[in-house]
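Worksheet: one structure, shown below.
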Amino acid sequence: MEVLNKWLSNIISHFNSGNQYIYWLLIFLLIAFCCLISYLIVRYFVIKFIHAAVKRTRNKWDDILIEKKVFVPLALLAPAICFNYVAQLVPNFPKVILNLVYPFVLLDIALFVDRLFSAALKIYDRTPASKRWPIKGYVQLIKLIIFLAVAVSIICFFLGVSPWALLSGLGAMTAVLLLVFKDTILSFVASVQIVSNDLIRVGDWIQVPKFDADGDVIEIALYTIKVQNWNKTITVIPTHKLIENSFINWRGMKQAGGRRIKRAILIDQRSVRFLEREQIERLRKIQILKKYIDEKERELAEYNRVHNIDDSVLVNGRRMTNLGTFRAYLNEYLRQHPKLRKDMTMMVRQLSPTPDGIPLEIYCFSRDTQWVNYEGIQADIFDHILAAIPEFGLRVYQRPSGYDLERAGIIASTKD
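In terms of our numbering, the sequence shown has 161 at position 84, counting the first letter as 1, and numbering is strictly consecutive.
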């Protein structure tokens with residue numbers, strides 16, 4: 078080291094030719110040359126060696142360090158150290174220029190730490206735990222604190238004051254700082270609530286009506302949450318806004334392993350009637366209805382006998398109706414369906430009559446929660462129901478179309 082100092086001092090002394098402009102020009106050229114050499118050595122030899130060593134390991138996670146270029150900022154430390162070292166050997170070197178080394182080194186170290194955290198985050202995101210506990214928001218907050226600390230240190234360095242003295246002087250500016258960092262504070266609190274209460278995870282299907290978001294969560298960050306909608310558009314929701322507004326998370330449906338089918342068919346009220354003997358015998362041939370009809374007939378016959386019901390009038394006593402028998406048929410049909418959950422709520426219920434008919438609602442859960450498969454199961458069920466309704470003497474209510482009105486002679490035919 079002493080030899081290097083002596084060698085550089087001799088070179089610097091030879092530059093002093095009496096012309097100060099030439100002297101300082103040569104000095105800066107020497108410093109620039111030394112800085113360039115040190116940068117090239119570290120960047121293309123030392124860091125290349127580190128990258129090669131990392132690639133030879135069996136671990137896959139350390140390849141992310143290369144992908145995120147974590148070690149590249151270290152190459153800039155070499156010229157900074159070289160500049161500081163050579164400049165101190167120059168007599169009367171401008172202190173203003175020399176003081177620039179300190180903030181440069183701080184910023185370079187902050188950049189290195191920033192990339193190191195980015196790499197650590199990506200490594201963590203590859204683990205199963207990242208779905209349950211996303212930490213991107215916390216990493217972003219740590220990065221923000223680091224750069225704020227660097228900024229405060231640089232300001233204090235140039236002002237020549239202690240960082241604590243500067244921070245204590247900011248007490249009067251607390252209100253201003255809270256206003257400036259309002260979104261950051263709100264987002265941080267919201268992130269803590271989301272993680273601690275397990276409200277959403279990456280991969281969850283959520284619906285946020287206020288933001289027209291309906292799709293999978295693809296990213297949970299400090300300030301924003303990204304949702305990829307089913308039409309492949311991206312909706313960006315401020316983190317604190319998600320907590321302020323209601324949203325639906327469909328994760329429970331996926332975890333339960335059953336997706337609800339809840340749809341009604343409108344039955345024409347004028348088609349509801351008591352079943353005649355001939356109709357009962359015809360419906361008895363439906364295999365899944367035979368047991369029900371046999372038991373129901375015995376039950377009704379016993380009731381009417383005990384109460385001395387005059388069965389010459391249809392409304393006397395209790396009788397089977399086509400709508401009630403159809404409900405029994407649908408209940409049994411759903412219970413025997415192989416793609417429906419038998420351990421979850423399953424029923425066929427009649428809702429309050431409306432001007433459009435009697436809503437007959439199917440309420441059950443499919444075994445398959447995948448959207449495409451679920452829609453297929455639901456469609457198959459209602460295809461069968463619509464085809465089976467006429468067998469019970471029932472009609473589906475449908476508002477008259479132009480074709481119906483034309484056939485009824487209410488409107489003129491388009492062929493005329």
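Just so you know, even glycine gets a beta-carbon here, dropped at the ideal spot from N, CA and C.
Bear in mind the structure is a predicted one, so any value in this text is a computation, not a measurement.
Inter-residue spacing [alpha-carbon to alpha-carbon] between residue i and residue j
i	j	result
residue 464	residue 290	37 Å
residue 390	residue 351	11 Å
residue 185	residue 207	29 Å
residue 80	residue 116	Interpretation of residue 80 is limited by its pLDDT of 49, a score under 50 that renders its predicted location unreliable; the figure taken from the coordinates is listed afterwards. When rounded, the distance between both Cα atoms is 22 Å.
residue 440	residue 225	57 Å
residue 324	residue 299	19 Å
residue 410	residue 442	14 Å
residue 78	residue 164	With a pLDDT of only 47 at residue 78, under 50, the local geometry of the prediction cannot be trusted, and the value read off the model is given with reservation. Taking the straight line from one Cα to the other gives about 15 Å.
residue 358	residue 422	31 Å
residue 118	residue 111	11 Å
residue 333	residue 195	35 Å
residue 283	residue 450	19 Å
residue 158	residue 120	14 Å
residue 131	residue 140	7 Å
residue 459	residue 220	55 Å
residue 102	residue 156	18 Å
residue 331	residue 258	38 Å
residue 384	residue 338	41 Å
residue 240	residue 233	6 Å
residue 420	residue 457	21 Å
residue 347	residue 363	24 Å
residue 305	residue 218	24 Å
residue 293	residue 281	5 Å
residue 370	residue 379	14 Å
residue 134	residue 143	13 Å
Contact belief for residue i with residue j at Cβ below 8 Å, rounded distance in angstroms
i	j	result
residue 145	residue 209	Contact flag wrong, Cβ pair sits at about 24 Å.
residue 413	residue 365	6 Å
residue 148	residue 127	6 Å
residue 160	residue 108	6 Å
residue 189	residue 150	4 Å
residue 197	residue 227	Not really, about 19 Å apart at Cβ, beyond 8 Å.
residue 341	residue 483	Rounded, the Cβ-Cβ distance is 29 Å, inconsistent with contact.
residue 297	residue 271	7 Å
residue 375	residue 367	No, residue 375 and residue 367 are not in contact; Cβ-Cβ is about 13 Å, not under 8 Å.
residue 277	residue 308	With 8 Å as the limit, residue 277 and residue 308 do not qualify as a contact, their Cβ atoms being about 20 Å apart.
residue 397	residue 373	6 Å
Secondary structure of residue i, DSSP reduced to three states
i	result
residue 284	strand
residue 438	strand
residue 228	helix
residue 277	coil
residue 80	Annotation note: pLDDT 49 at residue 80 (below 50); position unreliable, coordinate value reported separately. Residue 80 falls in the helix class under three-state DSSP.
residue 408	helix
residue 401	helix
residue 320	helix
residue 478	coil
residue 261	helix
residue 452	helix
residue 420	coil
residue 462	helix
residue 325	strand
residue 290	strand
residue 309	coil
residue 105	helix
residue 341	strand
residue 379	helix
residue 444	coil
Cβ pair residue i, residue j closer than 8 Å
i	j	result
residue 295	residue 279	yes
residue 388	residue 381	yes
residue 203	residue 345	no
residue 178	residue 154	no
residue 433	residue 343	yes
residue 425	residue 395	no
residue 336	residue 446	yes
residue 444	residue 476	no
residue 285	residue 319	yes
residue 462	residue 407	yes
residue 152	residue 124	yes
residue 316	residue 268	yes
residue 453	residue 356	no
Within-8 Å CB hit, residue i to chain B
i	result
residue 121	Of the protein chains in the structure, only one exists, and it is not chain B.
Proximity test, residue i beta-carbon vs the ligand MG heavy atom, cut-off 7 Å
i	result
residue 168	This structure lacks the ligand MG; in fact it carries no ligand of any kind.
Would you call the segment 256–275 and the segment 207–214 in contact, with 3 or more CB pairs under 8 Å?
yes
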